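Participant: Here it is: the structure, laid out below.
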Ligand code: SF4
Ligand code: SF4
């Protein structure tokens with residue numbers, strides 16, 4: 021069922037950051053790499069950290085060209101101030117020579133259309149970097165968005181596209197995507213063309229609420245989801261609540277990771293692949309994911 025002709029696309033998400041999503045992504049990819057070729061993609065481009073866990077060597081680096089932003093040509097500008105009055109994002113800097121604060125510009129092009137002197141241009145710029153790296157478990161595609169830059173949904177799509185190309189090149193049977201947190205545009209982009217989403221949650225009331233929001237999102241896009249409860253034994257009452265909720269909605273729990281105090285230390289010491297109770301349960305959840313997609 022895992023074939024290079026039709027690689028399984030798995031996206032690991034969570035309603036918010038800090039639930040162990042990246043650890044689960046890395047360990048699942050490690051488990052898969054023991055039997056098949058795998059490509060990992062870090063689509064948490066606003067706060068990437070998979071590259072910290074994985075020892076990697078960058079093979080290729082390319083520019084991410086983001087949305088167009090306004091630029092004022094001082095030769096043409098008559099300093100009438102109209103763009104300053106119109107810009108709702110306070111991106112025009114007033115003065116003898118008007119200019120654009122790139123980090124505030126949202127690229128709406130209102131100033132471009134309004135300028136009586138045709139002094140505003142909308143220009144593309146390099147807004148981030150995309151990398152293809154080699155790791156001990158397979159190819160790894162990751163990216164950074166420069167500080168203050170937005171439009172991470174577009175960057176996520178480019179990372180995923182490149183991961184697909186790399187998977188084809190190396191004959192990978194699976195692509196594991198560490199998705200963006202939350203329920204906004206970047207996570208929606210992370211979920212595009214996914215076969216299965218693996219939702220990592222934790223037994224807190226906010227974790228429970230975030231999980232429900234993210235399940236609603238995957239349902240909306242008709243993407244099947246399975247759940248992993250991280251540190252489930254830290255609050256068994258809320259874990260039971262999560263399980264009951266999932267049972268009622270017909271959603272399978274594929275992993276219940278116990279709290280393992282050795283894991284934070286392993287992460288801090290960058291000793292990947294991880295060992296111990298938590299790592300073993302993540303690996304066991306892969307067997308249940310396989311059974312789920314086969315079933
Ligand atoms: S609207 Fe045009 S001419 Fe007027 S300040 Fe802005 S850029 Fe200059
Ligand atoms: S493009 Fe829009 S956001 Fe950017 S400076 Fe012009 S009016 Fe402001």
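Numbering (this note's numbering), first residue to last: 21 to 315.
Note that beta-carbon positions come from the ideal geometry of N, C-alpha and C, so glycine has one too.
Since this is a predicted model, take the numbers as computed values, not measurements.
Just the Cα atoms here: how many angstroms apart are residue 148 and residue 249?
Facilitator: Along the chain shown, read from residue 1 onward, the residue named residue 148 stands at position 128. Along the chain shown, read from residue 1 onward, the residue named residue 249 stands at position 229. Distance between the alpha carbons of residue 148 and residue 249: 33 Å.
Participant: When DSSP labels each residue in this structure, what does residue 142 get in the three-state scheme?
Facilitator: Locating residue 142 in the chain shown gives position 122, counting from the first residue. It is a strand residue.
Participant: Check for me: the beta strand (DSSP E) holding residue 158 runs from which residue to which?
Facilitator: Here residue 158 refers to the residue found at position 138 when the chain shown is read from its first residue. Its beta strand (DSSP E) spans residues 158–165.
Participant: Between residue 118 and ligand 1, is there a pair consisting of the residue's CB and a ligand heavy atom that are separated by less than 7 Å?
Facilitator: Along the chain shown, read from residue 1 onward, the residue named residue 118 stands at position 98. At least one heavy atom of ligand 1 is nearer than 7 Å to the Cβ of residue 118, so yes.
Participant: 8 Å is my cut-off, CB to CB: does residue 62 come that close to chain B?
Facilitator: Absent here is chain B; the protein component of the structure consists of one chain.
Participant: Determine the contact status of residue 220 and residue 101, defining contact as a CB-CB distance below 8 Å.
Facilitator: Locating residue 220 in the chain shown gives position 200, counting from the first residue. Locating residue 101 in the chain shown gives position 81, counting from the first residue. Result no, Cβ atoms of residue 220 and residue 101 do not sit closer than 8 Å.
Participant: So what's residue 26 in DSSP terms, helix, strand or just coil?
Facilitator: On the chain shown, position 6 is the one that residue 26 refers to. If DSSP states are grouped into helix, strand and coil, residue 26 belongs with coil.
Participant: Does ligand 2 have a heavy atom nearer than 7 Å to the CB of residue 104?
Facilitator: Locating residue 104 in the chain shown gives position 84, counting from the first residue. It does not: the Cβ of residue 104 is nowhere closer than 7 Å to a heavy atom of ligand 2.
Participant: Among 121, 90 and 145, which one has its Cα closest to the Cα of residue 135?
Facilitator: The residue given as residue 135 occupies position 115 in the chain shown. Answer by Cα proximity: 90.
Participant: Within this structure, are the beta carbons of residue 79 and residue 154 separated by less than 8 Å?
Facilitator: As a first step, residue 79 is located in the chain shown; it is residue number 59 there, counting from the start. As a first step, residue 154 is located in the chain shown; it is residue number 134 there, counting from the start. Yes; because the gap between Cβ atoms is below 8 Å, this pair is in contact.
Participant: Which of the three DSSP states, helix, strand or coil, is assigned to residue 74?
Facilitator: One-based indexing of the chain shown puts residue 74 at position 54. Of the three classes helix, strand and coil, the one that applies to residue 74 here is coil, per DSSP.
Participant: Helix, strand or coil: which one does DSSP assign to residue 271?
Facilitator: The residue given as residue 271 occupies position 251 in the chain shown. Three-state result, residue 271: coil.
Participant: Suppose only complete runs of 3+ residues qualify. What are the beta strand (DSSP E) ranges in the region 189–217, listed by chain order?
Facilitator: With a minimum length of 3 residues, the continuous beta strand (DSSP E) runs that stay inside the region 189–217 are 194–198.
Participant: Taking the alpha-carbon positions, what's the residue 30 to residue 94 distance?
Facilitator: If you number the chain shown from 1, residue 30 lands on position 10. If you number the chain shown from 1, residue 94 lands on position 74. For residue 30 and residue 94, the distance between alpha carbons rounds to 50 Å.
Participant: Please report the distance separating the alpha-carbon of residue 38 from that of residue 161.
Facilitator: Taking the chain shown and counting its residues from 1, one reaches residue 38 at position 18. Taking the chain shown and counting its residues from 1, one reaches residue 161 at position 141. Taking the straight line joining both Cα atoms gives about 21 Å.
Participant: Within a Cβ cutoff of 7 Å, which residues of the same chain sit near residue 36, ignoring the five residues on either side of it in sequence?
Facilitator: Against the chain shown, residue 36 aligns to sequence position 16. So the list reads 201, 202 and 230, once near-sequence residues are dropped.
Participant: Looking only at its own chain, which residues have a Cβ that is under 8 Å from the Cβ of residue 56, when we skip the five neighbours before and after it?
Facilitator: Taking the chain shown and counting its residues from 1, one reaches residue 56 at position 36. Within the same chain, residue 56 has close Cβ partners 22, 192, 193 and 194.
Participant: Round the Cβ separation of residue 293 and residue 253 to the nearest angstrom and send it over; I've been treating them as touching at under 8 Å.
Facilitator: Here residue 293 refers to the residue found at position 273 when the chain shown is read from its first residue. Here residue 253 refers to the residue found at position 233 when the chain shown is read from its first residue. 23 Å between Cβ atoms; not a contact.
Participant: Along the chain, where does the alpha helix (DSSP H) containing residue 283 start, and where does it finish?
Facilitator: Within the chain shown, the letter at position 263 stands for residue 283. From DSSP, the alpha helix (DSSP H) with residue 283 extends over 282–288.
Participant: Only counting the same chain, and skipping five residues up and downstream in sequence, which positions put a Cβ closer than 6 Å to that of residue 306?
Facilitator: As a position in the chain shown, residue 306 is number 286, starting the count at 1. Only 48 and 51 meet the Cβ criterion.
Participant: Between which two residues does the beta strand (DSSP E) containing residue 62 stretch?
Facilitator: For the purposes of this step, residue 62 is identified with residue 42 of the chain shown, where counting begins at 1. It spans 58–62 - the beta strand (DSSP E) in which residue 62 sits, taken as one unbroken run.
Participant: Throw me the rounded Cβ distance for the residue 104 and residue 112 pair, which I believe falls under 8 Å.
Facilitator: Your numbering for residue 104 matches position 84 in the chain shown. Your numbering for residue 112 matches position 92 in the chain shown. Right, the Cβ-Cβ distance comes to about 4 Å (below 8 Å), so this counts as a contact.
Participant: Have a look at the DSSP bridge pairing and note the partners of residue 54.
Facilitator: The residue labelled residue 54 in the question sits at position 34 within the chain shown. The partner list for residue 54 (beta bridge, DSSP) is empty, contrary to what the question assumes.
Participant: Under 8 Å, do residue 235 and residue 226 count as touching if we go by C-beta distance?
Facilitator: For this step, residue 235 is matched to residue 215 along the chain shown. For this step, residue 226 is matched to residue 206 along the chain shown. No.
Participant: Buried or exposed for residue 146, going by 16 or more other Cβ atoms inside 10 Å?
Facilitator: Here the question's residue 146 lines up with position 126 in the chain shown. Exposed: under 16 other Cβ atoms inside 10 Å.
Participant: Nearest CA to the CA of residue 86: which residue from 223, 169 and 53?
Facilitator: In the chain shown, the residue the question calls residue 86 occupies position 66. Closest by alpha carbon: 169.
Participant: List the whole-angstrom C-beta distance separating residue 274 from residue 312, where the pair is believed to meet the contact cut-off of C-beta under 8 Å.
Facilitator: In the chain shown, residue 274 corresponds to position 254, counting from 1. In the chain shown, residue 312 corresponds to position 292, counting from 1. Their Cβ separation, rounded to whole angstroms, is 6 Å, which keeps residue 274 and residue 312 in contact under 8 Å.
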